Amino acid sequence: MPLAVFIAIALVAVVGCGSSGGGGSTASSSASGSGSAATNGASGTTASSGGSKPAYCSDWSNLESSIKGLASSVSSGDVSGLKSQVTKIQSDATSLVSSAKSDFSIQTSALKSSVDALQSAVAALPASPSSAQVAAIATSATSVASAVKSFGDASRPKCS
Numbered sequence: 000m001p002l003a004v005f006i007a008i009a010l011v012a013v014v015g016c017g018s019s020g021g022g023g024s025t026a027s028s029s030a031s032g033s034g035s036a037a038t039n040g041a042s043g044t045t046a047s048s049g050g051s052k053p054a055y056c057s058d059w060s061n062l063e064s065s066i067k068g069l070a071s072s073v074s075s076g077d078v079s080g081l082k083s084q085v086t087k088i089q090s091d092a093t094s095l096v097s098s099a100k101s102d103f104s105i106q107t108s109a110l111k112s113s114v115d116a117l118q119s120a121v122a123a124l125p126a127s128p129s130s131a132q133v134a135a136i137a138t139s140a141t142s143v144a145s146a147v148k149s150f151g152d153a154s155r156p157k158c159s
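Under numbering that gives the first Met the number 0, think of the first position of the sequence shown as 0, with each following residue one higher.
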């Protein structure tokens, strides 16, 4: 199915977005160790005497997992499944933006914009999308991949 082919190609960059470093796949819970973690409500970062990582590290990991889940939605060719997975991606991206915007305003702004564009493109898909509609999804997915990679590059020192 053309939908699966175009979007799967765009997702190749997404699936590898966290593999070049210790990024999201090694993020740990913010309440590890002695239980003395405290969350800063303004920035969403976590400080602890045990050296816990900022809250946005786990948010980034959750977003990466949701993006990787998009590949299975795409391969099934199910437009409603694709829409549902993109809604999950938008929710995870919103959490990440909320927790990281004070530390990474440029990257979170780009991430929010790219995810909003993907959500809009997917929401407009009919049950049998045209080639132009599929191409718009592929372009949007590539933009999300780029924004997630940019955030990962910027946050990796704090999340590794």
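C-beta: ideal position from N, C-alpha, C; glycine also. The model shown is predicted, which means the values in this text are computed figures rather than measured ones.
Locate the alpha helix (DSSP H) running through residue i, then write down its first and last residues.
| i | result |
| --- | --- |
| Ser101 | Ser101 -> no alpha helix (DSSP H), and no H or E assigned at all. |
| Ser145 | Ser130 to Cys158 |
If you count every other CB in all the chains shown that lies within 10 Å of the CB of residue i, and 16 or more means buried, which is it?
| i | result |
| --- | --- |
| Val143 | buried |
| Ser113 | buried |
| Gly151 | buried |
| Ser57 | buried |
Am I right that residue i and residue j are in contact with their C-beta atoms under 8 Å? What's the rounded C-beta distance?
| i | j | result |
| --- | --- | --- |
| Lys157 | Lys52 | 7 Å |
Roughly how many whole angstroms lie between the Cα atoms of residue i and residue j?
| i | j | result |
| --- | --- | --- |
| Ser64 | Asp91 | 9 Å |
| Lys82 | Ala120 | 10 Å |
| Gly80 | Ser72 | 6 Å |
| Ala78 | Ala54 | In the sequence on display, residue 78 carries Val and not Ala. Val78 and Ala54: Cα-Cα distance of roughly 32 Å. |
| Ala70 | Gln84 | 9 Å |
| Ile88 | Gln118 | 9 Å |
| Gly50 | Gln132 | 46 Å |
| Ala122 | Ser154 | 30 Å |
*Can we say the segment 131-139 touches the segment 98-106, given the rule of at least three CB pairs closer than 8 Å?*
The way I'd put it, the segment 131-139 doesn't touch the segment 98-106; fewer than three beta-carbon pairs between them come closer than 8 Å.
_If contact is defined by three or more beta carbon pairs under 8 Å, each pair taking one atom from either stretch, is the segment 101-108 in contact with the segment 117-132?_
Too few Cβ pairs lie closer than 8 Å, so no.
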